[in-house]
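Report on one structure; see the data block that follows.
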Amino acid sequence: MKKIFYLFAGVNGAGKSTLYSSENLNNDIKNSIRINTDEIVKKIGDWKNNSDQIKAAKIAINLRNECFQNGKSFNEETTLTGKTILKTIDRAKELGYELQLFYVGVNSPEIAKERIKNRVEKGGHDIKNDIVEKRYYESLKNLEEVILKFDKISLYDNSKKFKNILLFSNNEIFFKDNESINWSKEAIKIVENRIKNKEKEIKENPWRKKREKDKSKGFGRD
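Pasting the structure below:
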């Protein structure tokens, strides 16, 4: 059975959990093991308690390690900041997981801050404004660095309302929103350049095209 790592990424307040909760996602994602430290904290204690946050982080690490050890598919939410998630992506790749990215972005950190403020008013957990500001730019920077490690990519803009702006799979773009979305420009350009480079390689080596075609049909796999 194929093992898949589904990563839901984006700055705090972008709408990762909203996307995960939507009915548009397939059952394979919903049936995979869920790793979300915010949800774990909610189950075991209080997000205001630093000790509970540390416990939740440890539980998440253990869950992730169990998935890797047993070759189980799992989905995880992340701001895509810090070294841990970058190491997790690399480890999943090394262990032969298919990597699927669902990235939710907004056009400014102010939008994220306002969403968090509204969440807190409804009893949700808070994140300080300076942390949101820092994570916003770090998350986009890391997106550009890791995007080519993923086999399937779905980018969503949630600046006003949710909309899919890129759908990429098997070195092919199936959908791209032609409207200019500021935060996603560089990431999309990186994906497009990857496709151009692949096409150039195939053009220069016709046998590669046949191998790629056979691979997509399941031939030549170990």
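For the sequence shown, counting from 1, position 88 maps to 88 in full-length UniProt numbering; every step adds exactly one.
Glycine included, each C-beta is placed from N, C-alpha and C at the ideal position.
- Along the UniProt domain "Zeta toxin" (3 to 161), the alpha helix (DSSP H) occurs as fully enclosed runs of 4 or more residues at 16 to 21, 27 to 31, 37 to 44, 50 to 70, 83 to 94, 109 to 121, 129 to 146, listed in sequence order.
- Within its own chain, the residues whose Cβ lies closer than 8 Å to the Cβ of Y6, once the five positions on either side in sequence are excluded, are I29, S32, S73, F74, N75, E76, Q100, F102, listed in chain order.
- As computed with DSSP, S169 is found in a beta bridge with K152, E172.
- Just so you know, the alpha carbons of I40 and H125 end up roughly 12 Å apart.
- As DSSP reads the structure, N182 sits in no beta bridge.
- Contact annotation: L19 and F175 have beta-carbon atoms that are not nearer than 9 Å.
- Separation of D151 and Y97 (C-alpha to C-alpha, rounded to the nearest whole angstrom) is 10 Å.
- Annotation for C67: I33, F74 place their beta carbon closer than 6 Å to its own, counting only its chain and skipping 5 residues before and after.
- D46 and V120 have their C-alpha atoms roughly 13 Å apart.
- Only residues of its own chain outside the window of five on either side were considered, and among them K3 have a CB closer than 7 Å to the CB of G71, listed in chain order.
- When the beta-carbon positions are compared, T79 and G15 stay at least 9 Å from each other.
- Secondary structure at N205: coil, using DSSP grouped into helix, strand and coil.
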